[in-house]
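Data first, discussion second: the structure below is written as structure tokens.
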DNA sequence: AATTTTACTGCACAAACGTTCAGTTCTTTA
DNA sequence: TAAAGAACTGAACGTTTGTGCAGTAAAATT
């Protein structure tokens, strides 16, 4: 009976968080092993049986937005109050980014979309009040072979266009090909050539930002590179990628084998987009947000308090 | 500026509880030492800047009351939802115990009162709607020399009587005298003799229950015994005291030097009181609540969830 | 029914944590 | 202004907590 487990989790949580018992005591009292208690507490947090409520000072939030804007040299910043658990924050950020898009969306605009978990949330939660027939959604990076996670850029492009009632332009290519040669050939294909030309005329774009953690690397998770290769990139100073383009801590782009094989909007073109909305939450994104901002790859940031505090602490 | 510290605490708390950073990371980000972060988190909890919210299942609460009643053989049990931090729970328990007293209070009753922090809260928070002229409040245990904490039985007796608009009977003696001989002499003093006679006719009583921790021992804190003596008592199997009487884990009373010098209502008399309300909260009280219940020293329990869960886990 | 797969357990280790302590700074008081 | 006191700091230590792992039991599959 699952309600039984739930009650046990509640009991353990109460002893730990309200009774401040050690996990060891709880184990003795309730007759579990100590590691089990640790895991039960994790479950209780994940299931939102326990939540951490932290009193706010809203003045501080607005103040932080202003500061972040200055320090990162951005057009606009939205900081969302962080909740316990990253998923909550990611959801909020996705929703907010979507609202932001709707706010700036005007007839005839061409909107680029990258990929990633936050983009997925954004598209899923988007509920525009009207249709945008003459808007065009443009895929900024090639698709991934495995659809195990539904964050593929192709899918996102189509879904976003559908939600908006807009048309879209699909990049008919994988995210990585096997060599620079193949890429250059593909770039000369008329259909693909046209798509890349379109990418130079974007009015706005939505991007996510990945963390420094190599295991979170998009290319690794999609199976394009091994974990060792990902680690090597990290060791060589590549902290993250913006729309697939691997970038340095200082925001600069430098040559590396991955970039040569990448089918995606070029960094210099990204820098030219009038409005680029980046959505990323959690402390682990702080460093990469700073790097991407230094590189000038976005100018509107939607993030959460945790990341904001962390960024301000680091700059 | 103290509001500045408060904001820093909020930031640290958000990073820790919402961003799940380690204290080490926070230290690096915010530029504090790691121990400082640890202390800041403690502060944040104490100042209720963070609170742990745990979802309830109220059915479980009523169920636990029933179970506790059975297992400890009591007349009645009130379990209060526990809050973060012990003080909150103690407050709630004190208030509830007071309400319980008012509920059962009838004209002409003689009410005994022991001492302790919970009793202090109970008296402080009590706000009866009417006066009880012919009720008598009777002091169950001698007074303490130091009034450093206002939990002295004499003071509590007077304060309770005042609140109720009742009369009271004071035990004009210290809690501990220097020898059995002195005690026996005192017990023959007419005034004191009369008081002890009155104690045999109580209709109800309110008691607290101390924890097993020797440092919390009332006698130690009042300066009657050294910490070593307190530890020795603990090692010899005396887990707590009920109204000053040291009792064993199984609830039995056994001879020891402390009991011989004690000026307080005798355990066999306490057992005869029709209604004895014990109020105690927190995991650290679980064991002693069980012992006192086994000894039959109370029959109504006011406690919190944490203690309740712990007791049920142990029996 | 036999085999594979999955899910769960507790051990043992490593990381994270709270706390004591000695040294320091900042207040108070004379 | 000097001396005594209180409050605070981070280094070091011992405890508490999270997690990889090998072993086991239950579930799914053949």
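Chains as they are written, first to last, in this note's numbering: chain A, 85 to 399; chain B, 85 to 399. For each residue, glycine too, the CB sits at the ideal point set by N, CA and C.
Taking a Cβ-Cβ threshold of 7 Å, none of the residues of chain B is close to residue 161/A; the smallest such distance is about 17 Å. Taking residue 140/B as the centre and dropping the five residues before and after it, the same chain places the C-beta of 165 closer than 7 Å to its C-beta, in chain order. Scanning chain A for C-beta atoms nearer than 7 Å to the C-beta of residue 141/B yields 91 and 94, reported in chain order. Close CB contacts of residue 303/A within its chain, under the 6 Å cut and outside five residues either way in sequence, are with 309 (chain order).
DSSP places residue 220/A inside the beta strand (DSSP E), whose first and last residues are 220-223.
By the Cβ criterion, the region 339-351 of chain A is not in contact with the region 112-128 of chain A, since fewer than three pairs of Cβ atoms, one from each stretch, lie closer than 8 Å. With 16 or more neighbouring CB atoms inside 10 Å of its own CB, residue 245/B falls in the buried class.
Residue 97/A is positioned such that its CB atom lies closer than 8 Å to that of residue 133/A. In the same chain as residue 107/A, and ignoring 5 residues on each side of it, the C-beta atoms closer than 8 Å to its own belong to 100, 118, 121, 122 and 125, in chain order.
Rounded to the nearest whole angstrom, the C-alpha separation of residue 240/A and residue 356/A is 22 Å. By the C-beta criterion, the region 284-301 of chain A is judged not to be in contact with the region 250-260 of chain A, since fewer than 3 inter-stretch pairs fall below 8 Å.
In this structure, the straight-line span from the alpha carbon of residue 290/B to that of residue 167/B is close to 23 Å. Assigned with DSSP and collapsed to three states, residue 292/A falls in strand. If you compare the alpha carbons of 373/A, 364/A and 398/A with that of residue 172/A, the shortest gap goes to 364/A. For the region 363-393 of chain B, the set of residues with a beta-carbon nearer than 7 Å to any beta-carbon of chain A comprises 366, 367, 389, 390 and 393, in chain order. DSSP places residue 136/B within a strand segment (E or B) once states are collapsed to three. Listed along chain B is no residue with a C-beta nearer than 9 Å to that of residue 150/A; the closest approach is about 15 Å. Between residue 327/A and residue 198/A, the gap from beta carbon to beta carbon is short of 8 Å. According to DSSP, residue pairing for residue 253/A in a beta bridge involves 222/A.
Fully enclosed beta strand (DSSP E) runs of no fewer than 3 residues occupy 322-326, 329-332, 359-363 and 384-388 of the region 310-393 of chain B, in order along the chain. Within the DSSP bridge table, the entry for residue 105/A names no partner. Chain-ordered, the chain A residues with CB closer than 7 Å to the CB of residue 113/B read 394, 397 and 398. Here residue 268/A is exposed. Its C-beta has fewer than 16 other C-beta atoms within 10 Å.
Per DSSP, the continuous beta strand (DSSP E) segment holding residue 161/A begins and ends at 160-164. Per DSSP, the unbroken alpha helix (DSSP H) holding residue 239/A starts and ends at 237-248. With the criterion set as a beta carbon lying under 7 Å from some beta carbon of chain A, the members of the region 119-135 of chain B are 133, 134 and 135, in sequence order. The C-beta of residue 144/A comes closer than 8 Å to at least one C-beta of chain B. DSSP places residue 196/B within a strand segment (E or B) once states are collapsed to three. For residue 98/B, the C-beta contacts it makes with chain A under 7 Å involve 138, 166, 389, 390 and 393, in order along the chain.
Listed along chain B, the residues sitting closer than 7 Å to residue 105/A by beta-carbon distance are 367. For the pair residue 259/A and residue 306/A, the CB atoms are nearer than the 8 Å cut-off. Here the alpha carbons of residue 389/B and residue 295/B stand approximately 16 Å from one another. Straight-line measurement puts the Cα of residue 333/A at about 60 Å from the Cα of residue 373/B. Taking the Cβ atoms as the reference, residue 148/A lies roughly 6 Å from residue 163/A, within the contact range of under 8 Å.
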